[in-house]
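Data first, discussion second: the structure below is written as structure tokens.
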Amino acid sequence: MKLLIVVAAALAVASCASISLEDLEFHAWKLKFARSYNSGAEELQRKEIWLANRRHVLDGQCRYNPATVSATCTGYVDVEQGDEDALKEAVATIGPVSVTIDADHLSFQLYESGVYDEPACSSSQLDHGVLAVGYGTDNGQDYWLVKNSWGLEWGDTGYIMMTRNKHNQCGIATFAIYPLVQDIPQ
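Quick note, the sequence shown lines up with residues 1 to 186 if you use the UniProt record's numbering.
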């Protein structure tokens with residue numbers, strides 16, 4: 001109901017101002033999903049992504065066809081909480097694993113290259129979902145290869161190497177989950 005009131009009020013304001021319907025829909029979406037951004041630049045980038053996704057849907061470019069589905073999600077698996085070895089095993093045998101991390105530090109937001117090591121990172125105050133896609137060692141320092149959702153301009157073309165085997169730094173293994181997928185015979 002709150003969202004409906006906000007949208008109605010925004011439409012009333014829009015009739016007297018030069019606010020586009022797309023702007024109103026984006027702001028309604030932000031309210032509905034409690035989205036907030038650290039800067040105007042970040043909000044603009046997120047809005048552009050949101051608008052591009054909206055255009056794909058409205059233009060009918062979503063090409064879902066139930067007749068061509070070859071797999072379905074039958075459930076999910078929670079990786080043992082805080083266990084980096086269990087996360088490593090899942091990434092090695094299953095593939096990418098969805099994880100939640102502490103991304104609330106300027107050092108994370110401004111990351112460009114190298115192995116990210118932030119001693120002030122929390123393993124319990126987590127605020128951002130990313131994808132653990134691999135792991136390795138760089139100059140003797142173990143790392144997780146993590147795909148972020150902030151676009152190719154952030155980090156190392158959208159990726160970050162986060163320190164591994166340092167007491168679950170940034171909470172990388174605190175909430176890790178992956179889907180169970182079942183093939184559908186054709």
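Where a beta carbon is used, it is the ideal one built from N, C-alpha and C, also for glycine. Keep in mind the model is a prediction, meaning the values are calculated, not measured.
Beta carbon of residue i nearer than 8 Å to that of residue j
{"i": "Tyr178", "j": "Ala90", "result": "yes"}
{"i": "Asp102", "j": "Ser70", "result": "no"}
{"i": "Gln182", "j": "Thr74", "result": "yes"}
{"i": "Ala173", "j": "Leu87", "result": "yes"}
{"i": "Asp117", "j": "Thr163", "result": "yes"}
{"i": "Asn38", "j": "Gln109", "result": "yes"}
Boundaries of the alpha helix (DSSP H) in which residue i is found, first to last residue
{"i": "Ala28", "result": "Leu21 to Lys32"}
{"i": "Trp50", "result": "Gly40 to Leu58"}
{"i": "Leu131", "result": "Per DSSP, Leu131 belongs to no alpha helix (DSSP H); it is in the beta strand (DSSP E), His128 to Asp138."}
{"i": "Thr93", "result": "Glu84 to Thr93"}
For residue j and residue i, believed in contact at Cβ under 8 Å, the rounded distance
{"i": "Phe175", "j": "Leu106", "result": "So it is not a contact: roughly 23 Å between Cβ atoms."}
{"i": "Val79", "j": "Val97", "result": "7 Å"}
{"i": "Gly171", "j": "Thr93", "result": "The Cβ separation is near 22 Å, so there is no contact."}
{"i": "Asn148", "j": "Val133", "result": "Rounded, the Cβ-Cβ distance is 11 Å, inconsistent with contact."}
{"i": "Asp83", "j": "Ser113", "result": "Contact doesn't hold; Cβ gap of about 28 Å is too wide."}
{"i": "Tyr76", "j": "Leu180", "result": "6 Å"}
{"i": "Ile160", "j": "Tyr111", "result": "5 Å"}
{"i": "Leu51", "j": "Glu22", "result": "6 Å"}
Residues that DSSP places opposite residue i in a beta bridge
{"i": "Ala71", "result": "Asp183"}
{"i": "Tyr178", "result": "Val77"}
{"i": "Tyr159", "result": "Lys147 and Asp156"}
{"i": "Ile172", "result": "Answer is none; Ile172 lacks a bridge partner."}
{"i": "Tyr37", "result": "Looking at the DSSP assignment, Tyr37 forms no beta bridge with any residue, so it has no partner."}
{"i": "Tyr64", "result": "Answer by DSSP bridge pairing: none, since Tyr64 is not bridged."}
Enclosing beta strand (DSSP E) for residue i [first to last residue]
{"i": "Gln141", "result": "Gln141 to Lys147"}
{"i": "Ser107", "result": "That residue, Ser107, is in no beta strand (DSSP E); its alpha helix (DSSP H) goes Leu106 to Gln109."}
{"i": "Ser98", "result": "Val97 to Ile101"}
| said: Using 8 Å as the cut-off, can you tell me whether the region 149-159 makes contact with the region 66-81, which would need three or more C-beta pairs spanning the two stretches below that distance? | reply: no
| field | Cβ contact check for the region 127-142 and the region 45-55: 3 or more pairs under 8 Å | value | no
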